[in-house]
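Q:
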Amino acid sequence: MPAKTILSPAQRAAIFDPPADHATIERLYTLGPADLVQVARRRRGPNRIGHAVQLCYLRHPGRALVAGEAVPDAMLELLAGQIGCDATDFASYAARPTTLREHRAEIEAWLGLRAFERADVRSMLAVGSEIAASTDRGETIVAGMVDRLRLGRIVLPAASTLERLALIVRTRARKAAHAGLIRDCPAEQQAALDRLIASDDDGRTRLGWIREWPEAPSAANLKGIVERLDAVRAIGIAADGARRIHAARYAVIARTAGLVTAQHLRRLERPRRLAMLVASMIEMEAALTDAALVMVEKMVGALFRRADRTRSDRLLGQARMLKDTARLHARLGRLLVEARASGRDPFRAIDDRVGWDQLERSIRFAEDLTRSVDDGLEDVVERYPAVRRFAPTFLAAFTFRTARSGDPLLGAIEALRTMYRDGRSVLPKRVPTSFIRPRWRKVVQPVEGTIDRRAYEIAVIVHLRERLASGSIWVDGSRAYRTLDDYLLPVPAFETMRADGNLRLAVSPGFAQWHEERRTLLARRMTEVERAAAAGGLVDVTIERGQLLISPIRRSPADEAEALKSQLYAMLPRVRITDLLVEVAAWSGFADRFVHARSGVPASDPAALMGAILADATNLGLGRMAESSRGLTLPRLRWTAEWHVRDETYLSALAAIVDCHTVHPLAAVWGPGDTSSSDGQFFRAGGQGEARADRNARYGTEPGVLFYTHVTDRFTPFHTKVIAANAGEAAHVLDGLLDHESDLVIREHATDTAGAVDHVFGLCHLLGFRFAPRIRDINERRLSGLSPLDPWPTLRPLVAGPVNVRAIEADWDETLRLAASIRAGTVSASVMLRKLAGYPRQNPVARALREVGRVERTLFMLDWFDDPGQRRRTGSILNKGEARNALARAIFFNRLGELRDRTFENQRHRASGLTLVTAAVTLWNTVYLDRAVRHLRGSGVAVPDERLAHVAPLGWEHVGLTGDYLWAEIDKPRERLRPLRLHQQGRDA
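Using numbering that gives the first Met the number 0, the letters of the sequence shown correspond one by one to residues 0 to 988.
(1) Taking buried to mean at least 16 other C-beta atoms within 10 Å of its own C-beta, is histidine 21 buried or exposed?
(2) At 4 residues or longer, what runs of the alpha helix (DSSP H) sit wholly inside the region 292 to 354?
(3) Have a look at Ala828, Leu817, Asp34 and flag the residue whose alpha-carbon is nearest the alpha-carbon of proline 508.
(4) Hey, would you say alanine 278 sits closer than 8 Å to arginine 388, going by beta carbons?
(5) Among the candidates Ile876, Arg909, Ser783, whose CA atom is the shortest distance from the CA of valine 851?
(6) Confirm, please, whether the CB-CB distance from leucine 228 to glutamate 284 is below 8 Å.
(7) Alpha carbon to alpha carbon, what distance is there between leucine 415 and alanine 395?
(8) Excluding the 5 residues flanking alanine 79 on each side, which residues of the same chain have their C-beta closer than 7 Å to its C-beta?
(9) Could you tell me the boundaries of the beta strand (DSSP E) in which threonine 674 lies?
(10) Could you tell me how far apart the beta carbons of tryptophan 923 and leucine 653 are, in whole angstroms, since I believe they sit closer than 8 Å?
(11) Considering Cα atoms alone, identify which of Val950, Val336, Ala175 is closest to serine 565.
(12) Considering only residues of the region 768 to 818, which uninterrupted alpha helix (DSSP H) runs meet the minimum length of 4 residues and lie entirely inside it, listed in chain order?
(13) One question on the structure: do leucine 27 and glutamine 81 come within less than 8 Å of each other, judged by their Cβ atoms?
(14) Round the Cβ separation of leucine 705 and leucine 521 to the nearest angstrom and send it over; I've been treating them as touching at under 8 Å.
(15) Using only alpha-carbon positions, find the residue among Arg773, Leu164, Thr97, Arg420 that is nearest to valine 120.
(16) With DSSP collapsed to three states, give me the class of threonine 632.
(17) Buried or exposed for valine 145, please, with buried defined as at least 16 other CB atoms from any protein chain shown within 10 angstroms of its CB.
(18) Look up glycine 912 in the DSSP assignment and say whether it is helix, strand or coil.
(19) Starting from the C-beta of aspartate 378, find all residues in its chain whose C-beta is less than 6 Å away, skip the five residues before and the five after it, and write them out in chain order.
(20) By Cβ distance below 8 Å, which residues in the same chain neighbour alanine 14 in space, the five residues on each side in sequence not counted?
(21) Could you name the residues that DSSP lists as bridge partners for phenylalanine 115?
(22) When the Cα atoms are used, what is the spatial distance from glutamate 105 to proline 952?
(23) Where does histidine 709 sit, in a helix, a strand or coil, going by DSSP?
(24) Here's the rule I'm using: 16 or more other beta-carbon atoms within 10 Å means buried, otherwise exposed. How should lysine 428 be labelled?
(25) Quick one: what does DSSP say glutamine 906 is sitting in, helix, strand or coil?
(26) Whose C-alpha, out of Arg43, Leu124, Leu75, is nearest the C-alpha of alanine 19?
(27) Counting along the chain, where does the beta strand (DSSP E) carrying tryptophan 966 start and finish?
(28) I'd like to know whether the C-beta of leucine 915 is nearer than 8 Å to at least one C-beta of chain B.
(29) Apply the 10 Å Cβ neighbour rule to lysine 3 and answer buried if 16 or more other Cβ atoms are within range, or exposed otherwise.
(30) Inspect the beta-carbon positions of serine 361 and leucine 335 and report whether they are closer than 8 Å.
(31) Have a look at Glu779, Ala809, Asp812 and flag the residue whose alpha-carbon is nearest the alpha-carbon of valine 798.
(32) Just to confirm, are threonine 793 and isoleucine 774 a CB contact at a threshold of 8 Å?
(33) Can you give the Cα-Cα distance for glycine 500 and alanine 246, rounded to whole angstroms?
(34) At a cut of 8 Å, does the region 399 to 407 reach the region 473 to 491 through at least three beta carbon pairs?
(35) Near isoleucine 777, which residues of its chain fall below 8 Å by C-beta distance, leaving aside the five closest residues on each side in sequence?
(36) Is there contact here, the region 235 to 254 with the region 129 to 138, by at least three beta-carbon pairs under 8 Å?
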């Protein structure tokens, strides 16, 4: 039986073997003068190069050379060139084993190194224990030991020695963490935890019931979530119990607990089983709390949408009646005019020709039609029964908090709780009303001194929803609905980072300096654009009599580019999508990024891993993937997906492909690699996925979600997330720029009009990104000023007014703290933008950020006016994102391209898998397009880069996306690239 290891072969090589790339070899193994003197003392060439190799090995990686070990050729060539011998001499080195030992002893003494001893085992166990307290990753533990040995100038022992020590400390750390989680857990609590995994007569467990909560928004499903939440709370596991152990160690236990089944838990030793159940209950309480709050938010949103639909239908019906009413009133007017002219009695004429009953009905209808409406709130109140079905459950299940003492909304919540609990249908005589906004007050208090109970109940729920969204009210036990300040860096930490110059922001920490820099820059740009506009020097832009007119960008001729594209793609070899993924994995190593959730080891079943990824990307699902793949079974796919396929592993794997594509020479033809765009792509929802999806009239009447994806100017997608179809895209622009794991350094980002809001302009400026959106209604947008407008008469009509500098100055520090928190990763930009937008009255920080954004939007618009290159660049990168969407739609073809997943997690995996495979196709196409271009140029055919820039690596006609999925090449990757289809080119010619 082979010895148990903690490192994969690749991880072991990365730590204990010399590097393979030329740049690192040159950096580490270039000998100094003293080194050359030591080597020159050897007489024969084999001894000189062998001595040099041993010297380099003991320096890095810090271990001894093993007899018969294969040394990298690049390393031998470098050393041979330095010491004046031949690299082949190394083959004759150490023919006598004594030579190897003697040279090693001499080098160790000269470098001041010593061998690893038995006494070092204890110190390595101490070092490893310290590291293992926070991680399960064997690579991290072993690397920490190696670093300590190198620091102590101790020669590294065999890799197996340190691996055994790492296994020991990891086991000890796991047991210590398990004991820490269940410390002070009484016997009754332990028994309650054990009952969670006990099967009933039907083979079901209470743990399975808790985990499988319904997600479709309805009152019945909300009750189901609250029932599960009550069951979890009844066990009595305190959320702060997670703080008893290291946060990273707890995260590993919690992640594992969320994956294992009750059957698997029953087989574990008792301390580990109880610890995982404790972590599971802590996580489930938070997850269920957030799920219930999200469900209420969706139900209230649906309430307004249905009320709007009812109102719209009524107005449409009234519009049909309006014509009849107008016709009657026209007859009435004509009748009165004729009666006046003829002297006839008008009342008799009305009685004879119209009829008083019909006239009275018409007048009532006109009065109803023209009376003032309260924004459709009366239609919302008419849907009171829907609110009453879930409001008692919702208010009774949670404890709401606020920083404001005596908050009237909390008083109103308590009044409703009491009324619901007592089974009454009458409000107390005095209830808080000061929290009600004027829009609602007309409906809640139609007559002074009276309160419409139904409207009051709905108003409380609606106001609570808005306050929860903004963070001004938070909920005990929730992670998504916390106080706003909890998301930001603590003030002392922020001040320390500011004093150390470590905010990592793109602006001066002082307001005065920032203000002077922007005022000077804005004045200069206004002067430049004013001068150009007055002289008629703006390209395709005119400003006359206060009216701005920008002509559309003229497209360059595409016939030659299309011909080149057809010629190149005709040469590309045909390939199955399975083989394409295997080849891209060999080039980029993305498969190694899908590490085990607990151990951190790459997947040992590459076929199952690829099948699970492809099942997500093509929307096929694991069951049908098992049916369509030879040799793959559903259990293999399911196990691999559960333990290796997660959001973070998808993100890391995508980064590997992006980085591989970025360094490819052909990629530079399409752009510098520092520009990107983002856009949402709508996917319909069907089946079980329809219940939790949202509708957006922009995409029709069917429910669905958006895959919001960031794409580079080189066509590679580097980030994606799933957002609601009716959510604003602007809040999510910055997430992809900050949260990707690739080596990309994005400097400029473009979106369509949906992302072009002032808050995004402001945050992009603070974080160091140039925001360059394509604003559809830019003619209607207005500039803002930081100085008097007298010097710019041409631009003056386009200026809405001055920037509120005082608002920026008053909250400059808090605005910087917000941006620094986003940069540090304590909170995402999308969360904070949604929180700030949720305030009923504008938050001071949101106001300051908006004013900063007005300055940056003005600077951008001035650039848009006088720089046609900016307009073309923005249009080009957005077109690249739209072209990638076509590839994504082609790959995501199964189940009619509909999302039928019940859970949001599965939808995220679908989006991540799709993005990964589109990136893989892009990289594969780039590699083979490069070969095709080289072939044409080698044949004397001119292929200018300017024309090649219009050939996108997004074609898929040559990729077999359907049929049986075969993984025959996964264990024997191709050593050489596939041949081009040159005979096809000849026929086309």
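Note that beta-carbon positions come from the ideal geometry of N, C-alpha and C, so glycine has one too.
A: Let me lay it out:
(1) As a working mapping, residue 21 is identified with position 22 in the sequence shown. So histidine 21 counts as exposed.
(2) 345 to 352
(3) To locate residue 508, count along the sequence shown from 1; it is residue 509. Between proline 508 and the set Ala828, Leu817, Asp34, the nearest pair of CA atoms involves Leu817.
(4) By 1-based counting over the sequence shown, the position of residue 278 is 279. By 1-based counting over the sequence shown, the position of residue 388 is 389. No, they are not a contact pair.
(5) The sequence position of residue 851 within the sequence shown is 852, counting from 1. It is Ser783 whose Cα lies nearest to the Cα of valine 851.
(6) The residue given as residue 284 occupies position 285 in the sequence shown. The residue given as residue 228 occupies position 229 in the sequence shown. A contact, by the Cβ cut-off of 8 Å.
(7) For the purposes of this step, residue 395 is taken as residue 396 along the sequence shown, with counting starting at 1. For the purposes of this step, residue 415 is taken as residue 416 along the sequence shown, with counting starting at 1. If you take the alpha carbons of alanine 395 and leucine 415, they lie about 9 Å apart.
(8) Here the question's residue 79 lines up with position 80 in the sequence shown. Ile48, Asp85, Ala86.
(9) For the purposes of this step, residue 674 is taken as residue 675 along the sequence shown, with counting starting at 1. Threonine 674 -> beta strand (DSSP E) spans 674 to 683.
(10) Stepping through the sequence shown from its first residue, residue 923 is reached at position 924. Stepping through the sequence shown from its first residue, residue 653 is reached at position 654. The pair is not a contact, with the Cβ atoms about 15 Å apart (cut-off 8 Å).
(11) If you number the sequence shown from 1, residue 565 lands on position 566. Ranking the options by Cα distance to serine 565, first place goes to Val950.
(12) Listed in chain order, they are 804 to 809.
(13) Taking the sequence shown and counting its residues from 1, one reaches residue 27 at position 28. Taking the sequence shown and counting its residues from 1, one reaches residue 81 at position 82. Cβ distance not < 8 Å, so leucine 27 and glutamine 81 don't count as in contact.
(14) If you number the sequence shown from 1, residue 705 lands on position 706. If you number the sequence shown from 1, residue 521 lands on position 522. About 35 Å separates the two Cβ atoms, so there is no contact after all.
(15) Mapped onto the sequence shown, residue 120 falls at position 121. Here the closest residue by C-alpha is Leu164.
(16) Locating residue 632 in the sequence shown gives position 633, counting from the first residue. Coil, per DSSP.
(17) On the sequence shown, position 146 is the one that residue 145 refers to. Label assigned to valine 145: buried.
(18) Locating residue 912 in the sequence shown gives position 913, counting from the first residue. Glycine 912: helix per DSSP, three-state reduction.
(19) Within the sequence shown, numbered from 1, the residue matching residue 378 stands at position 379. The residues are Ala306, Thr309, Arg310.
(20) Start at 1 with the first residue of the sequence shown, and residue 14 comes out as number 15. Looking at the sequence itself, residue 14 is isoleucine, so the reference to alanine does not match. Leu6, Pro60, Glu138, Val141, Ala142, Val145, Ala158.
(21) Along the sequence shown, read from residue 1 onward, the residue named residue 115 stands at position 116. DSSP lists no partner for phenylalanine 115.
(22) In the sequence shown, residue 105 corresponds to position 106, counting from 1. In the sequence shown, residue 952 corresponds to position 953, counting from 1. C-alpha of glutamate 105 to C-alpha of proline 952: approximately 56 Å in a straight line.
(23) Looking up residue 709 in the sequence shown gives position 710. In the structure shown, histidine 709 sits in a strand (DSSP, three-state: E or B).
(24) On the sequence shown, residue 428 is found 429 positions in, with the first residue counted as 1. Result: exposed.
(25) The residue you call residue 906 lines up with position 907 of the sequence shown. The three-state secondary structure of glutamine 906, taken from DSSP, is helix.
(26) What you label residue 19 is simply residue 20 of the sequence shown in a count that begins at 1. For alanine 19, the nearest C-alpha among the options comes from Leu75.
(27) The sequence position of residue 966 within the sequence shown is 967, counting from 1. Careful: tryptophan 966 lies outside any beta strand (DSSP E) and carries neither H nor E.
(28) The structure shown contains no chain B; it holds only a single protein chain.
(29) Walking along the sequence shown from the start, residue 3 turns up at place 4. By the neighbour-count rule (16 or more Cβ atoms within 10 Å), lysine 3 is not buried but exposed.
(30) As a position in the sequence shown, residue 361 is number 362, starting the count at 1. As a position in the sequence shown, residue 335 is number 336, starting the count at 1. No. Outside cutoff.
(31) Here residue 798 refers to the residue found at position 799 when the sequence shown is read from its first residue. Per the Cα distances, Glu779.
(32) Translated into the one-based positions of the sequence shown, residue 793 becomes position 794. Translated into the one-based positions of the sequence shown, residue 774 becomes position 775. The answer is no: Cβ separation not under 8 Å.
(33) The residue given as residue 500 occupies position 501 in the sequence shown. The residue given as residue 246 occupies position 247 in the sequence shown. Their backbone Cα atoms lie some 28 Å apart in a straight line.
(34) yes
(35) Here residue 777 is taken as the residue at index 778 of the sequence shown, counted from 1. Once the five neighbours on either side are set aside, the close Cβ partners of isoleucine 777 are Leu547, Ile549, Met860, Trp863.
(36) The answer is yes - the region 129 to 138 touches the region 235 to 254, with three or more Cβ pairs under 8 Å.
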